[in-house]
Amino acid sequence: MIDEKTLDWKKGDGLIPAIIQDAATRQVLMLGYMNAEALATTIKSGKVHFFSRSKQRLWKKGETSGNTFKLVNLAADCDSDALLVEVKPKGPACHTGTVSCFGDDPGPGLGFLAHLRAIIRKRKKDKTKGSYVGSLMAKAPKRPAQKVGEEGVEVAMAAVSESKEALAGEAADLLFHLMVLLESRELGLEDVVDVLRNRHAVRASKPA
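Each number in the numbering used here corresponds to the 1-based position in the sequence shown with 16 added.
The following block contains the structure:
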């Protein structure tokens, strides 16, 4: 974490822009503003707080919607006048229901995974009839686990004897079913990333 005393609060009249980023997918979710109290409360509580310029008060993200941000990491930019806040989001970031406040497009790369997880969670919650995800969730975790096993074998076979395109397709099937399986146990890829991050930190701390 960072020391709030090292930040340049004067430049923004006591406020610092805070860029919110999904720690797992790296997707930018929103932009907010923090004062010293909001930052201190964020660090102490582990839940992201902002200073509302319109209401002129401290506010917790998700205080009415329940779509909170769990703090993962904080970093200041090179001029110490902006923050990058890595979070684990609970639900959509935007009040309109989209994953990000920058529109409904999930963006390129891994940001799409956050969009896909939101769809999987909705299918699970709504128990949508005719939904493939719904049918898997109805028999979870056994059926999704079975599919992960099947797709894992197909990925291995494609890696050995098929084209790159075929391998990418099989890997996509495996990743999708893994996400469904994780969601059936109320987990997400960000939880897997947390494990990898912690393992990396432990190994990096050991002398070569």
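We put the CB at the ideal spot given by N, CA and C, even for glycine.
Euclidean distance between Cα positions of residue i and residue j
i: K158; j: V196; result: 11 angstroms
i: K163; j: K138; result: 20 angstroms
i: A34; j: L190; result: 35 angstroms
i: E167; j: R213; result: 26 angstroms
i: L132; j: C110; result: 16 angstroms
i: S68; j: T144; result: 37 angstroms
i: G24; j: S221; result: Per the sequence presented here, residue 24 reads as Asp, with Gly not at that position. Those two C-alpha atoms are separated by around 31 angstroms.
i: A174; j: A188; result: 12 angstroms
i: L194; j: T112; result: 28 angstroms
i: G28; j: D97; result: 8 angstroms
i: L31; j: A54; result: 10 angstroms
i: G165; j: V171; result: 10 angstroms
i: D121; j: M46; result: 13 angstroms
i: S177; j: V149; result: 30 angstroms
i: G204; j: D95; result: 34 angstroms
i: T22; j: M50; result: 14 angstroms
Coil, strand or helix - residue i by DSSP
i: F118; result: coil
i: V101; result: strand
i: H216; result: helix
i: K21; result: helix
i: S68; result: strand
i: K60; result: helix
i: A109; result: coil
Buried versus exposed call for residue i [16 or more other C-beta atoms within 10 Å across all chains shown]
i: Q43; result: buried
i: Q37; result: buried
i: H65; result: buried
i: L90; result: buried
i: V101; result: buried
i: K71; result: exposed
i: S61; result: exposed
i: K141; result: exposed
i: A56; result: exposed
i: V211; result: exposed
Residues near residue i by beta carbon distance below 7 angstroms, same chain, minus five either side
i: F118; result: V44
i: A52; result: E20, W25
Contact set for residue i: own chain, Cβ-Cβ below 6 angstroms, skip 5 residues either direction
i: I135; result: none
i: S147; result: R139
i: T41; result: L126, G127, L129, A130
i: F85; result: V64, K77, V103, P105
Other residues of its chain near residue i: CB distance less than 8 angstroms, five sequence neighbours each side excluded
i: R73; result: F67
i: S179; result: none
i: A161; result: L197
i: T114; result: P108, D120
i: L183; result: V171, A174, A175
**OP:** Give, in chain order, every unbroken run of the beta strand (DSSP E) that is at least 3 residues long and sits entirely within the stretch 28-52.
**Re:** 32-38, 44-50
Original post:
What alpha helix (DSSP H) runs, 4 residues minimum, are completely inside the stretch 120-204?
Top reply: 127-142, 148-154, 158-177, 180-200
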